[in-house]
Structure formats: C-alpha cells, structure tokens
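Below is one structure, written out as structure tokens; comments come after it.
2 protein chains.
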Amino acid sequence: MGITDRKLRQKEEVRASILDTAWEMVVTEGWHSFSIRKIADAIEYSVPVIYSHFENKDAILLEFNRKGFQLLSETMAEAKKGKEEPAEQIRAMGRAYWDFAFKNKEYYQLMFGLGIPTCETVSKIPAIASYSEEIIGSIIAMVEPGKKPSFDPFLKYQSFWSMLHGLVSINMSALGGRPDAGQKGGEHDGLPLQVLEDVMCSFIRGIQATETERKD
Amino acid sequence: MGITDRKLRQKEEVRASILDTAWEMVVTEGWHSFSIRKIADAIEYSVPVIYSHFENKDAILLEFNRKGFQLLSETMAEAKKGKEEPAEQIRAMGRAYWDFAFKNKEYYQLMFGLGIPTCETVSKIPAIASYSEEIIGSIIAMVEPGKKPSFDPFLKYQSFWSMLHGLVSINMSALGGRPDAGQKGGEHDGLPLQVLEDVMCSFIRGIQATETERKD
DNA sequence: TAATTTTGCCTAACACTGTTACAAAAAGTA
DNA sequence: TACTTTTTGTAACAGTGTTAGGCAAAATTA
Chain Z
50 MGITDRKLRQ
60 KEEVRASILD
70 TAWEMVVTEG
80 WHSFSIRKIA
90 DAIEYSVPVI
100 YSHFENKDAI
110 LLEFNRKGFQ
120 LLSETMAEAK
130 KGKEEPAEQI
140 RAMGRAYWDF
150 AFKNKEYYQL
160 MFGLGIPTCE
170 TVSKIPAIAS
180 YSEEIIGSII
190 AMVEPGKKPS
200 FDPFLKYQSF
210 WSMLHGLVSI
220 NMSALGGRPD
230 AGQKGGEHDG
240 LPLQVLEDVM
250 CSFIRGIQAT
260 ETERKD
Chain V
50 MGITDRKLRQ
60 KEEVRASILD
70 TAWEMVVTEG
80 WHSFSIRKIA
90 DAIEYSVPVI
100 YSHFENKDAI
110 LLEFNRKGFQ
120 LLSETMAEAK
130 KGKEEPAEQI
140 RAMGRAYWDF
150 AFKNKEYYQL
160 MFGLGIPTCE
170 TVSKIPAIAS
180 YSEEIIGSII
190 AMVEPGKKPS
200 FDPFLKYQSF
210 WSMLHGLVSI
220 NMSALGGRPD
230 AGQKGGEHDG
240 LPLQVLEDVM
250 CSFIRGIQAT
260 ETERKD
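Just so you know, the protein sequences line up as chains Z and V, in that order.
Note that the working numbering has the first sequence beginning at 50, numbered continuously upward.
Note that the working numbering has the second sequence beginning at 50, numbered continuously upward.
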C-alpha cells in the first residue's frame, strides 16, 4: 500500500512544517506572537488542520519543551566529555548551561519561565532526568574519594542548578540592577560572566571543603 | 470647594477598588484570570472606566510591581534590623527573601517571571534600588575589616540574588527534579530549606575566604 | 430659572485570541 | 461510475485588550 504510506509521509510533512513555522515565528517575533491562527496562515492551511496534529496549543509548547531539554542535556554531556577532573566538568557544564540559555533564549524562556505549567509536564519529558544525572554524576565523582558522611549530591545539584538558573534569568530580564546591564555590545559582556565564575567557584569550593556544618 | 474634593475622593475610591478587586482575583484564581473585563464586571462599572484610571493592562501590572518591590525591600530591611553580624544579616535576608517569595507567590511571579517586560520598567520602580542597597550594604560591611583588594560587592550581590532567585523559582515551579518536590505537606518542607542554607553557607564562606582567585 | 458647557459613564464596535461543529470537497474503493 | 472515507475549509462561540461615539446627569454660566 504505497498510498497510505505517502499519506503518512505528507501528514508528517505538515506536522513538521507546523513546528518549523511556529519556531521561526517565535525566534523572529518572540513568544507573544505564538498563535495558532498565525501558524495556520503561514503554512497556508486552515486552523483545524493544526488541531488534527496537536490536541491544543499547549501540546505544541510541550513539543518544544521536549526539544529544549533534549538539546540542553546533549549540550551538558558534550561539555562534560572534554574534561577529566570532576571540578572542571562542573565548571564546564555551568558555562555550557549559561551559553545554552543565551544562545537559545526562546527555549530557555519556555523551559524555565514561571508562566508555563512545568509542574504537570515534568513526567512527560524524560530528557530532564538525563540532564540532571549529567550534573549529579560529576558532583558524586568530585566527592567520592574523600568519602564524606552526610553528603547529599541531590542537594548540591539543586544548589548548583538554582545558582545557574537565577543567574541566567536575572541577566535575561536585563534586571541586573546596573542600568547598563543586559543588551550592550554583544549579548552578555563582562560582568555577568564574572558572576558566573564567582558562583561556580564558591560552589566547587563548598563541596571540596571538608565539613558542611551549619548552625541553625 | 467640597464638591471637587468629594469627586477626587470618589475617583480615588474607584481606583482603589480596581486594584483591590484585581488583586483578590489574582490571589484566588491566579494570574491567568487577570482580565480587564472581569475586573470591570466585579467592580460593577463598564470597561472604559478602568481605562480612565489606567492607561492599559500593563499599567495595572506595573502598579502591582511597585507594591511588590516596596514590600520586598521593607521585608529585607526588617530582617536585617534584628542582626548585628553582617554574615547573620545576609543569612537573615536570604531567609526573608525565601519567605517573601512563598508567602507572596503572586507578587514574586509578577516581579520575576520571565514573561513580564521588566527590562523597560526597572527605571519606573525606585524600590528596586533600595532593595539592592539593603543587600549590598551587608556585603560591604562583611568584608570591610579585612580590606581586600579587587573585591566587587556588586558582583557578590548579583551572585547572592541569583542563587536566591534560582532556588525560589525552581521550587516554585515544583520542578525540583524529585517527583515529590513541591506541594506536599505545607508548601515547602524540608529539603528546599536545606538547599537554601547550603547555598547561603557557601556564599558567606566564599566572601570570608581571603582570596578569590580563579584559574581560567 | 433657563441655557450651556462639562463630566462621567455605557453601549457597541474592532481586531485579536483558542477551540470546535458542521458542511463541502477531495481521494480512495468497489 | 457510484459509494465511502478521509481531508479540509467555513463559520461560529466564547473569550481577550482597546477605543470611538453618544447619552444623560451634573455643574457652570447667563
């Protein structure tokens, strides 16, 4: 049956063109102009055709979310590969995370913007797991030799991610506090990268330090 | 002229009822149901009346933004007041920041959500300045005695804020990574607070450490 | 008091948005 | 060719932000 075969192929083409067109619009015009109707107009089909490929608007966003986390976790794995020392791996991943965020602003905003219902969709995106494992691996490797008691790698992972995410989103909203922060020469010049280094430094030093006691 | 006086008073009342009603709706139903028409309906006026008080929807949001930063900077000042040691001040402010975020989810989401055009509105909110000065003050006080060269308090401030913001927003989206993170018993139970302590610990230790050298 | 201006307010429209029911057209099958 | 199934478009529904125009009451003036 070559006919149903071709039909499937054509259907897949339409689906791809929906995603491609939508993405192009988001990149060139921003998330605010992400609209089913505009996509339909651009691919020269009527609106219901889109609904025959995706249940609703959120389903398209979920698809981009998937791609974003896939890309991020690949980026992290790639950054890790070059380095031997766990501390260097973490530094490289931190830098890679930063670069990913600013090279793929649209993905990052979708993935970590507060407005998006990530709560329920976490389970639908397996790449989140592989992304976090990439980091946790290095953290464990970094402390294994010393064999410290009461060391929670997941806690450290959350700290690390929090630091990175905060840094990125504050810089992405150009809300640094200094009036000249944000869009100047290139995209993020000088100080923010220094802050990134500073943050990673104290994180790594914090893990390498023997004790992690706290006075509550 | 008591008449124009009363008119001004009444106009002010309508304005206040717009803001009150809008806020109540946001708190009970979330940001998604923040709508000019719904507000008009609730205050029992027609839609254009709202436009006679606010230029547009963003103007109302800006108003809430102002209030949010006002509240945050007051919270920070209050937290600082109790402590003498700069390190303790910073820890207290970090904790206060965290509490503010989860006690005022709606404010926090508005203030630091990526979807909101904070870039242009920073200049319109003077409370942002007083908030950051509150933190920078303690950072400077903490290192002053030692008189370290090449120490940038603003860089440390950005690090600190980034860590806090990342921590909060990751926990707020219930995206911790562990399936049970987020909405369990109360609102944020156990681990996240440990992460907060962990993060503040390494931050303070990082400043207290004599050198801040990096190998690039 | 009567005429006139000003003010406050509402109806209704415009241009959008996501979503869907239904009918028409195209394609495949007999 | 006639029938059936699949694919597609039209048009509607229920929302959204925003604004133009008119009406009536209130305040000002004559």
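Ideal Cβ positions, reconstructed from N, Cα and C, are used throughout, including at glycine.
Less than 8 angstroms separating the beta-carbons of residue i and residue j?
{"i": "M142 (chain Z)", "j": "K152 (chain Z)", "result": "no"}
{"i": "L159 (chain V)", "j": "L110 (chain V)", "result": "yes"}
{"i": "V63 (chain Z)", "j": "V98 (chain Z)", "result": "yes"}
{"i": "L121 (chain Z)", "j": "Y180 (chain Z)", "result": "yes"}
{"i": "L213 (chain Z)", "j": "Y156 (chain Z)", "result": "no"}
{"i": "D148 (chain Z)", "j": "S208 (chain V)", "result": "no"}
{"i": "F203 (chain V)", "j": "V192 (chain V)", "result": "no"}
{"i": "S211 (chain Z)", "j": "V244 (chain V)", "result": "yes"}
{"i": "S95 (chain Z)", "j": "A89 (chain Z)", "result": "yes"}
{"i": "R115 (chain Z)", "j": "G255 (chain V)", "result": "no"}
{"i": "G117 (chain Z)", "j": "G162 (chain V)", "result": "no"}
{"i": "S66 (chain V)", "j": "I85 (chain V)", "result": "no"}
{"i": "K60 (chain Z)", "j": "M74 (chain Z)", "result": "no"}
Using beta carbons (cut-off 8 angstroms, strictly below), is residue i in contact with chain Z?
{"i": "G162 (chain V)", "result": "yes"}
{"i": "I109 (chain V)", "result": "no"}
{"i": "R254 (chain V)", "result": "yes"}
{"i": "V248 (chain V)", "result": "yes"}
{"i": "Q257 (chain V)", "result": "no"}
{"i": "L204 (chain V)", "result": "yes"}
{"i": "L240 (chain V)", "result": "yes"}
{"i": "S208 (chain V)", "result": "yes"}
{"i": "I219 (chain V)", "result": "yes"}
For chain V, check one thing: does any of its Cβ atoms lie closer than 8 angstroms to the Cβ of residue i?
{"i": "Q59 (chain Z)", "result": "no"}
{"i": "S101 (chain Z)", "result": "no"}
{"i": "G46 (chain Z)", "result": "Summary: the structure shown does not reach residue 46 (chain Z), with chain Z confined to residues 50 through 265, and so no result is reported for it."}
{"i": "S179 (chain Z)", "result": "no"}
{"i": "L120 (chain Z)", "result": "no"}
{"i": "Q243 (chain Z)", "result": "yes"}
{"i": "W72 (chain Z)", "result": "no"}
{"i": "L216 (chain Z)", "result": "yes"}
{"i": "D54 (chain Z)", "result": "no"}
{"i": "I189 (chain Z)", "result": "no"}
{"i": "S211 (chain Z)", "result": "yes"}
{"i": "S251 (chain Z)", "result": "yes"}
{"i": "S84 (chain Z)", "result": "no"}
{"i": "I174 (chain Z)", "result": "no"}
{"i": "S66 (chain Z)", "result": "no"}
Drop a sphere of 10 angstroms on the beta-carbon of residue i, count the other beta-carbons inside from all chains shown, and report buried for 16 or more, exposed for fewer.
{"i": "T53 (chain V)", "result": "exposed"}
{"i": "R55 (chain V)", "result": "exposed"}
{"i": "R140 (chain Z)", "result": "buried"}
{"i": "G270 (chain Z)", "result": "As shown, chain Z starts at 50 and ends at 265. That puts residue 270 (chain Z) outside it, with no answer to give."}
{"i": "S218 (chain Z)", "result": "buried"}
{"i": "P175 (chain Z)", "result": "exposed"}
{"i": "Q138 (chain V)", "result": "buried"}
{"i": "S222 (chain Z)", "result": "buried"}
{"i": "G79 (chain Z)", "result": "exposed"}
{"i": "A150 (chain Z)", "result": "buried"}
{"i": "G51 (chain Z)", "result": "exposed"}
{"i": "A108 (chain V)", "result": "exposed"}
{"i": "A71 (chain V)", "result": "buried"}
Would you check if there are 3 or more beta carbon pairs closer than 8 angstroms linking the stretch 120 to 136 of chain V to the stretch 96 to 108 of chain V? At 8 angstroms Cβ cutoff, the stretches do not touch.
Going along the chain, which unbroken runs of the alpha helix (DSSP H) with 4 or more residues stay wholly within the stretch 54 to 123 of chain V? For the stretch 54 to 123 of chain V, whole alpha helix (DSSP H) runs of length 4 or above, ordered along the chain, are 85 to 92 and 96 to 100.
Any contact of the stretch 236 to 256 of chain V with the stretch 172 to 187 of chain V, i.e. 3+ C-beta pairs under 8 angstroms? Short answer: they don't touch.
Taking the runs of the alpha helix (DSSP H) that are 4 residues or longer, which of them lie wholly in the stretch 131 to 177 of chain V? Listed in chain order, the complete alpha helix (DSSP H) runs (minimum 4 residues) inside the stretch 131 to 177 of chain V are 135 to 152, 154 to 161 and 167 to 170.
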